[in-house]
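Residue 153 in the working numbering sits at position 152 of the sequence shown, with consecutive numbering throughout. No residue lacks a Cβ here, since even glycine has one placed at the ideal position from N, Cα and C. All values derive from a computational prediction rather than experimental measurement.
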Amino acid sequence: MRTFVFMPSVIPAIALFIIVFGLVSPGSGWIERLILDPLHLPPIANLFSIFPVLLALWTIGPGFLIMYGAMQSVPPEVYEAARVDGAGPINRFFSITLPMISPAIFFSLVINMISSFGGVALLDRGLPFSQSLSPMESYINAQMFSYSKLGYASALAWIMFIVVMVITLAVFRSAKYWVHFPEEEDSVEF
């Protein structure tokens with residue numbers, strides 16, 4: 002199962018885009034030619050709206066492996082002790098599992114949040130700003146390359162960077178309230 006879930010992550014996102022674009026391209030896509038036309042069904046109007054979902058599902062492998070490893074690292078003795086004490090499955094999940102895997106959740110949250118800004122740019126294919134899936138990136142590209150407003154585009158890119166940095170710092174600051182790192186007895190405090 003781990004191999005099946007992780008395998009799509011090995012294929013680059015641009016290859017996924019080319020494959021999916023070949024499947025759903027209006028008028029010439031394989032889905033339309035091989036399935037919809039022979040059955041005399043009308044073409045699906047906006048198949049491009051599913052691309053962000055497919056991209057998210059395509060890149061789920063590393064996060065799955067991180068969570069799977071975190072779940073396996075929870076000692077079974079802790080579950081057994083909670084079961085003996087009368088804790089139900091929901092109580093065990095919120096009292097044992099969630100706190101013990103919270104560092105992995107935190108790591109996945111930060112990595113996925115940072116990487117989420119680049120994937121949608123592959124799907125735009127140079128569409129104008131009004132039709133774009135990632136409006137901020139497309140607006141910056143339009144200002145820089147179409148209108149040659151390099152200073153304005155640079156300022157917008159810095160603003161986008163600062164917004165991402167503020168969100169990331171907020172996640173890091175909030176981590177002390179919900180991420181429970183295991184205490185090390187031999188650690189030295191500075």
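Isoleucine 91 counts as exposed, since fewer than 16 other beta carbons sit within 10 angstroms of its beta carbon. Within the model, the alpha-carbon separation for leucine 55 versus valine 85 is close to 43 Å. The alpha-carbon of valine 165 is positioned some 11 Å away from that of alanine 158. With respect to the 7 Å criterion, phenylalanine 65 and valine 6 are classified as neighbours on the basis of their beta carbons.
Secondary structure note for leucine 42: it is in no alpha helix (DSSP H), with a DSSP letter that is neither H nor E. Rounded to whole angstroms, proline 136 and phenylalanine 182 show a C-alpha spacing of 38 Å. Contact check for isoleucine 102 and methionine 68: beta-carbon distance about 7 Å, within the 8 Å limit, so the pair qualifies. Check the Cα spacing between proline 104 and each of Tyr148, Leu37, Ser74 and Ala83: the tightest is with Ser74. If you draw a straight line from the Cα of methionine 145 to the Cα of isoleucine 160, it is about 15 Å long. In this chain, the alpha helix (DSSP H) harbouring proline 9 covers 3-11. Per DSSP, reduced to three states, the secondary structure at isoleucine 91 is helical. Taking 8 Å as the upper bound for CB-CB distance, isoleucine 163 and methionine 114 are not in contact here, some 15 Å apart. 7 Å or more divides the Cβ of phenylalanine 107 from the Cβ of alanine 57. In the structure shown, the three-state DSSP call for lysine 177 is helix.
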